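J.: Residue numbers (the working numbering): 1042 to 1205.
Note that the Cβ used here is the ideal one computed from N, Cα and C, for glycine as well.
Since the structure is predicted, the reported quantities are computational estimates derived from the model, not experimental observations.
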Amino acid sequence: MDKEKQLKKLMDSWEKIKKDANVFIKDNKLDGHKKKLEKFIKDTNKDVHKLIDKDFTAAKKKFKIEKKQIEKLLDKTVKAEIKKATDFLKKQQKEIENLQKSVEKIIKIKAVKKAVKKVTKKTVAKKVTKKKVAKKVTKKKVVKKVTKKKVAKKVTKKKTVSKK
């Protein structure tokens, strides 16, 4: 409503200037109309800027409010999706562990069956033979050679020199 009143005021002043311009043309009073026109332009410029500023601040506030709402919704959604994904991964991990256990059981069973088959085959096919091993014992004599060497000692005399 406030905007409509301001717009109506602007339109009324425009109409008034239009009438004044027509009167001026008839009366030929240029100075008075020039001042009125300049004042009108300044007033309309101020009014337009006020409207724009009001609209801009209101739009900015709305934008901030909507931004906060969207962020909250986004955070909530992301958290829910992360929870779903972790639950899914846990279920898959449990299934993999169960499959791994069953595979290990099957492998153990097959290994035991193969071992039993090999043992039964080996016992039937083997013959036990004993061999006699003759050991020879040899004794070695250790001979020590003793050699004696005569060493001649030389006696040397040292002269003592006195220092003066």
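According to the Cβ coordinates, are Asp-1088 and Leu-1051 closer than 8 Å?
T.: It is a contact, given that the beta carbons lie within the stated cut-off.
J.: Could you compute how far the alpha carbon of Lys-1076 sits from the alpha carbon of Glu-1056?
T.: Rounded to the nearest angstrom, the two C-alpha atoms are 16 Å apart.
J.: Compare the Cα-Cα distances from Lys-1060 to each of Glu-1145, Leu-1078, Ala-1152 and Leu-1114 and report the closest residue.
T.: When only C-alpha atoms are compared, the closest one is Leu-1078.
J.: Tell whether a beta-carbon distance below 8 Å holds between Ile-1106 and Phe-1081.
T.: No, the pair does not count as a contact, with Cβ atoms beyond the cut-off.
J.: Is Lys-1049 near Leu-1092, with beta carbons less than 8 Å apart?
T.: In this structure, Leu-1092 does not lie closer than 8 Å to Lys-1049 by Cβ.
J.: Please specify which runs of the alpha helix (DSSP H), each continuous and at least 4 residues long, are wholly inside the segment 1053-1101, giving them in chain order.
T.: The qualifying runs do not exist here; there are none.
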